[in-house]
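Everything in the sequence shown is counted per the working numbering, starting at 81 for the first residue and increasing by one. Only one structure is covered here, and it is reproduced in the block below.
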Amino acid sequence: MHQELAGVYSFLPLGLRVLRKVEVIIRKHMEALGGQEILMSALEPKANWEKTGRWNTFDVLFKLPSQHGTEYALGPSHEEIVFPLAKEKIESYKDLPFSLFQIQTKFRDEPRAKSGLMRGREFGMKDLYSFHATKEDLEAFYERAKQQYLLIFKEFGLDAKVTEASGGAFSKKISHEFMVLSDAGEDNILACSSCTFAQNTEISKHKKGDDCPKCGKGKLEEKKAVEAGNIFDIGIKYSEDFDVSFSDAQGKKQFVIAGCYGIGTSRIIGTVAEVFSDDKGLVWPESVSPYDYHVVVLDGDDAGVQKQLDELLTKFKDFDVLIDDRDERAGAKFSDADLIGISKRIVVSKKTVGAGKVELKKRNEAEGTLRAVNEL
Ligand code: ATP
Ligand code: MG
Numbered sequence: 081m082h083q084e085l086a087g088v089y090s091f092l093p094l095g096l097r098v099l100r101k102v103e104v105i106i107r108k109h110m111e112a113l114g115g116q117e118i119l120m121s122a123l124e125p126k127a128n129w130e131k132t133g134r135w136n137t138f139d140v141l142f143k144l145p146s147q148h149g150t151e152y153a154l155g156p157s158h159e160e161i162v163f164p165l166a167k168e169k170i171e172s173y174k175d176l177p178f179s180l181f182q183i184q185t186k187f188r189d190e191p192r193a194k195s196g197l198m199r200g201r202e203f204g205m206k207d208l209y210s211f212h213a214t215k216e217d218l219e220a221f222y223e224r225a226k227q228q229y230l231l232i233f234k235e236f237g238l239d240a241k242v243t244e245a246s247g248g249a250f251s252k253k254i255s256h257e258f259m260v261l262s263d264a265g266e267d268n269i270l271a272c273s274s275c276t277f278a279q280n281t282e283i284s285k286h287k288k289g290d291d292c293p294k295c296g297k298g299k300l301e302e303k304k305a306v307e308a309g310n311i312f313d314i315g316i317k318y319s320e321d322f323d324v325s326f327s328d329a330q331g332k333k334q335f336v337i338a339g340c341y342g343i344g345t346s347r348i349i350g351t352v353a354e355v356f357s358d359d360k361g362l363v364w365p366e367s368v369s370p371y372d373y374h375v376v377v378l379d380g381d382d383a384g385v386q387k388q389l390d391e392l393l394t395k396f397k398d399f400d401v402l403i404d405d406r407d408e409r410a411g412a413k414f415s416d417a418d419l420i421g422i423s424k425r426i427v428v429s430k431k432t433v434g435a436g437k438v439e440l441k442k443r444n445e446a447e448g449t450l451r452a453v454n455e456l
């Protein structure tokens, strides 16, 4: 990453590869949920933001004056675009349900943008919006989305706690945040020592040390956490604002019931980095490692080494391989490999040629092992 301003980053070759892998995983799960991908505009009309009442209440909104006299909102979220869009596609209950998602750069004028990728002024987000005819249908989808989210975080190697938080139009008037325990987090949650119960301290009526209100067995512990994702039912708020309605089976007009579901793609990178890194550098899980293998070539001008390298690369033609063939000391190459944190390292050297094998070491293991190329 390269910092341009507080909270504003450019993605360099390795960081970009991680971001793309994060996006591919999230996209796969959103499609499994039935979501259809779109890409909405980042410039949003001021009139829509006035309609929802958020032009003056969304505290981190970037308001962008045009030299032609108009003003825009620089998209921090997309209810103001997706609801008018959905309105054009919905007439009857037969058009429902459906869900749309995008993976896009968002802009928020955050007052404190000091935690790297965790809190950007410009950052990546996947946002999905679901549209339903009935509250029951929304609730069923919401539950499926919650489970799908847990699968996503699992793929990143993250243990996310489903945490009750403020927001949500229906039933319990709560939303759910996906909290990853980390001291780098800005949120505090109360989590049960025994079951899955967790609440954001912002809304909790409990305090640490209390008995768990859900299982009664565990005690509530206070933990720092990163909000990696957030889902909530928004009911009919924006449907009313933009008159997004459908005619039901009896021909009666009803407002569309909606939910929204966010994950910070760039915040995921920061979270994974915080959770897994060690004193030598980054430790990427295989799922988002910028390359599958980091091949460290030592004694590169040796013909035997070149032959073994060629054999390896032929074998690995379907993998993403980063080759360090620089004219550098072995120690410098190994410490760079640790710093970059690619999940698997392979050493090709005179020594490995002598053994007729290559050395494979996972970034999260202390020792490597010699393996025949055919075994890899
Ligand atoms: P926070 O409470 O951390 O400010 P939020 O509740 O405003 O976030 P949402 O509007 O629900 O966030 O956005 C969905 C997701 O986008 C969040 O769960 C988070 O992962 C990510 N996100 C939100 N704001 C930022 C930011 N400034 N930088 C990076 N990621 C962010
Ligand atoms: Mg939040």
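Every residue gets a Cβ at the ideal spot worked out from N, C-alpha and C, and that includes glycine. The structure presented is a predicted model; accordingly, all values stated were derived computationally and were not measured.
Here's a check: name, in chain order, each residue in its chain whose Cβ is nearer than 6 Å to the Cβ of residue i, leaving out the five neighbours to either side.
{"i": "residue 164", "result": "322"}
{"i": "residue 290", "result": "300"}
{"i": "residue 501", "result": "With the chain covering 81 to 456 only, the question about residue 501 has no answer from this structure."}
{"i": "residue 166", "result": "211 and 324"}
{"i": "residue 81", "result": "89 and 95"}
{"i": "residue 189", "result": "140 and 142"}
{"i": "residue 238", "result": "260"}
{"i": "residue 159", "result": "318"}
{"i": "residue 247", "result": "255 and 312"}
Please state if the CB of residue j and the CB of residue i are separated by a distance shorter than 8 Å.
{"i": "residue 91", "j": "residue 85", "result": "no"}
{"i": "residue 260", "j": "residue 308", "result": "yes"}
{"i": "residue 205", "j": "residue 394", "result": "no"}
{"i": "residue 364", "j": "residue 283", "result": "no"}
{"i": "residue 425", "j": "residue 374", "result": "yes"}
{"i": "residue 225", "j": "residue 348", "result": "no"}
{"i": "residue 182", "j": "residue 118", "result": "yes"}
{"i": "residue 377", "j": "residue 438", "result": "no"}
{"i": "residue 180", "j": "residue 208", "result": "yes"}
{"i": "residue 195", "j": "residue 112", "result": "no"}
{"i": "residue 280", "j": "residue 302", "result": "no"}
{"i": "residue 262", "j": "residue 168", "result": "no"}
{"i": "residue 449", "j": "residue 440", "result": "yes"}
{"i": "residue 413", "j": "residue 379", "result": "no"}
Ordered along the chain, which non-local residues of its own chain (more than five positions away) have a Cβ less than 7 Å from that of residue i?
{"i": "residue 143", "result": "151 and 153"}
{"i": "residue 249", "result": "313, 314, 315 and 317"}
{"i": "residue 228", "result": "109, 112 and 113"}
{"i": "residue 410", "result": "378"}
State the DSSP-derived secondary structure class of residue i, mapped to helix, strand or coil.
{"i": "residue 315", "result": "strand"}
{"i": "residue 304", "result": "strand"}
{"i": "residue 399", "result": "coil"}
{"i": "residue 457", "result": "Look at the range of the chain in this structure, 81 to 456, and you will see that residue 457 is not part of it."}
{"i": "residue 453", "result": "helix"}
{"i": "residue 164", "result": "helix"}
{"i": "residue 128", "result": "helix"}
{"i": "residue 337", "result": "strand"}
{"i": "residue 438", "result": "strand"}
{"i": "residue 229", "result": "helix"}
{"i": "residue 145", "result": "strand"}
{"i": "residue 418", "result": "helix"}
{"i": "residue 348", "result": "helix"}
{"i": "residue 196", "result": "helix"}
{"i": "residue 181", "result": "strand"}
{"i": "residue 266", "result": "coil"}
{"i": "residue 105", "result": "helix"}
{"i": "residue 259", "result": "strand"}
{"i": "residue 186", "result": "strand"}
{"i": "residue 221", "result": "helix"}
Since residue i and residue j are thought to touch, with beta carbons under 8 Å apart, how far apart are those beta carbons, to the nearest angstrom?
{"i": "residue 243", "j": "residue 257", "result": "5 Å"}
{"i": "residue 339", "j": "residue 221", "result": "7 Å"}
{"i": "residue 360", "j": "residue 404", "result": "Contact flag wrong, Cβ pair sits at about 16 Å."}
{"i": "residue 241", "j": "residue 278", "result": "4 Å"}
{"i": "residue 270", "j": "residue 288", "result": "6 Å"}
Considering only C-alpha positions, which residue in the set the options is nearest to residue i?
{"i": "residue 173", "options": "436, 325, 347 and 145", "result": "325"}
{"i": "residue 202", "options": "191, 118 and 280", "result": "191"}
{"i": "residue 232", "options": "274, 368, 149 and 245", "result": "368"}
{"i": "residue 275", "options": "141, 372 and 298", "result": "298"}
{"i": "residue 399", "options": "385, 409, 370 and 379", "result": "370"}
{"i": "residue 432", "options": "385, 447, 417 and 454", "result": "385"}
{"i": "residue 334", "options": "447, 427 and 171", "result": "171"}
{"i": "residue 149", "options": "125, 436, 288 and 109", "result": "125"}
{"i": "residue 285", "options": "382, 442 and 245", "result": "245"}
{"i": "residue 362", "options": "402, 414, 420 and 383", "result": "420"}
{"i": "residue 415", "options": "103, 443 and 128", "result": "443"}
{"i": "residue 186", "options": "351, 390, 342 and 358", "result": "342"}
{"i": "residue 199", "options": "83, 114 and 273", "result": "83"}
{"i": "residue 453", "options": "302, 387 and 146", "result": "387"}
{"i": "residue 445", "options": "358, 407 and 262", "result": "358"}
{"i": "residue 51", "options": "116, 102 and 146", "result": "No information on residue 51 is available, as it lies outside the stretch 81 to 456 that the chain covers here."}
In chain order, what residues of the same chain have a beta carbon less than 8 Å from the beta carbon of residue i, not counting five sequence neighbours either side?
{"i": "residue 337", "result": "211, 212, 213, 214, 215, 217, 218, 313, 315, 316 and 319"}
{"i": "residue 366", "result": "372, 423 and 424"}
{"i": "residue 121", "result": "155 and 161"}
{"i": "residue 436", "result": "452"}
Beta-carbon of residue i versus every beta-carbon of chain D: anything under 8 Å?
{"i": "residue 400", "result": "Here there is only one protein chain, and chain D is not present."}
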